[in-house]
Amino acid sequence: MRSFKLLLSFVLAAAPLAAQEADGARIDKRIGKLESEMRAVQRKVFPGADARFFEPEITAPEVAAPAIGNPATTPLADLADRVGELERQLRTLTGQVEAAQFKLRTMEDAQTKQRADVEFRLNALESRFAAAPAAAPATTFTPSLRPELIATIETVEVATTDGRLSIVDARLPRFYNGDGGGYPRTGHIPTAANIPFATVSENGHFKAPTELRRLFTDAGVVDGKPVVTYCHIGQQASLLWFVATMLGYDAKMFDGSFQEWSGTERLPVVAPRK
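5 is the number of the first residue of the sequence shown in this note's numbering; add one for each residue after it.
And the structure:
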């Protein structure tokens, strides 16, 4: 009889413990499922995220080994730790989502601004070409030739002997001194001074009038004396003619230039320096 009572007491005492273990198993299963779903959300929202800001897996908190003589943690305490870890991970995930949403809004605002800017520019371009300009009225152009601006080879030939004209060579010094050029004969026209075309401008602009006049004066061009410019075939001489005219000289341009002069055998050429 006494043994039966002891057995009954043991069974009655074990019943609540079994119920607690069953409840703990159900809670553990639910928490495990929640942890699995949290990991899935993390992988979907932040695939391949930087490990400095994102923990790809939920890990159980590290629990120090109990000291000798102390009892181990209870199942209920372990479950509480896991719930706390889930809450921490949820806070982290929420913060990451909010940060991503802020960046997304910033990008959307920038895209909206850029789209508006592009549309504004396109509208400006379209409005500029929308209306075709009115056709200019037909008119008749009648060219007016000015032969007095062109010096013939005969004019230059006379100027080399009578000195009534200042002859200016616009070529680079090497060609003036007879170094190449591809002519029948190299050198320059007698009495010609050398003012290289490249010396009249600086940084894409003409030099000051005082500097330009000094170039002509230093080359021996006398104020009030007519000027004739020449070069290879008349291109560089056009620039010197313009500058001379701007400075007030009565200027002409030898259109045939040194190509025509050197190809005329009867005319003298100052030979290259030896």
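C-beta: ideal position from N, C-alpha, C; glycine also.
Exercise for the section: Have a look at Q115 and R109 and give me their C-alpha separation to the nearest angstrom. Expected result: If you draw a straight line from the Cα of Q115 to the Cα of R109, it is about 10 Å long.
Practice task
Quick one: residues in its chain with C-beta nearer than 6 Å to the C-beta of P272, no 5 flanking neighbours on either side, listed in chain order?
Solution key: Result list for P272: P194, in chain order.
Practice task
May I have the straight-line CA-CA distance separating A197 from L129, to the nearest angstrom?
Solution key: The C-alpha of L129 is placed about 53 Å away from the C-alpha of A197.
Problem - Nearest candidate by alpha-carbon position, reference H3, set T203, D222 and V160 - result: Given a span of 5 to 278 for the chain in the structure shown, any question on residue 3 remains unanswerable.
Exercise for the section: Can you give me the Cβ contacts of V225 inside the same chain, cut-off strictly under 7 Å, excluding the 5 residues immediately before and after it? Expected result: If we look at V225 and ignore the five residues flanking it on each side, its Cβ neighbours are S170, V172, A197 and V231.
Handout entry: Environment of R132 [buried if 16+ CB atoms lie within 10 Å]
Key = With fewer than 16 other beta carbons inside 10 angstroms of its own, R132 counts as exposed.
Handout entry: Limits of the alpha helix (DSSP H) - the one that Y180 falls within
Key = Note, Y180: alpha helix (DSSP H), P177 to Y180.
Practice task
On a CA-only basis, which of A255, R189, R217 and F106 is nearest T268? Give me that one, please.
Solution key: The shortest C-alpha separation from T268 is found at R189.
Problem - Alpha-carbon spacing of M111 relative to N127, whole angstroms - result: Cα to Cα, M111 sits roughly 24 Å from N127.
Exercise for the section: Please determine if the region 247-267 and the region 205-225 are in contact, where contact requires at least 3 C-beta pairs separated by less than 8 Å. Expected result: With a cut-off of 8 Å, the region 205-225 and the region 247-267 count as touching, because enough Cβ pairs lie within range.
Exercise for the section: Have a look at S242, E264 and E102 and flag the residue whose alpha-carbon is nearest the alpha-carbon of M257. Expected result: Ranking S242, E264 and E102 by CA distance to the CA of M257 puts S242 first.
Practice task
Could you check which residue in K211, L153, I199 and G184 has the C-alpha nearest to that of T221?
Solution key: From the listed residues K211, L153, I199 and G184, the smallest Cα separation to T221 is found for I199.
Handout entry: R95 CB to nearest heavy atom of the ligand NAD below 7 Å
Key = In the structure shown, the ligand NAD is absent, as is every other ligand, since no ligand is present at all.
Exercise for the section: Taking L83 and I35 to be in contact with their CB atoms under 8 Å, please state how far apart those CB atoms are, rounded to whole angstroms. Expected result: So it is a contact: roughly 6 Å between Cβ atoms.
Practice task
Might you give, ordered along the chain, the residues of its own chain that have their beta carbon closer than 6 Å to the beta carbon of T233, omitting 5 neighbours on each side?
Solution key: So the qualifying residues of the chain are V172, A174, A241, L244, W245 and M257.
Handout entry: Under 8 Å between C-beta atoms of G182 and A255
Key = The Cβ atoms of G182 and A255 lie no closer than 8 Å to each other.
Exercise for the section: Sort Y253, N207, V101 and C235 by Cα distance to S266 and report the nearest one. Expected result: Across the set Y253, N207, V101 and C235, the C-alpha of C235 shows the shortest separation from the C-alpha of S266.
Exercise for the section: Could you give the DSSP three-state label for E206: helix, strand or coil? Expected result: DSSP, reduced to helix, strand and coil, places E206 within a strand of the structure shown.
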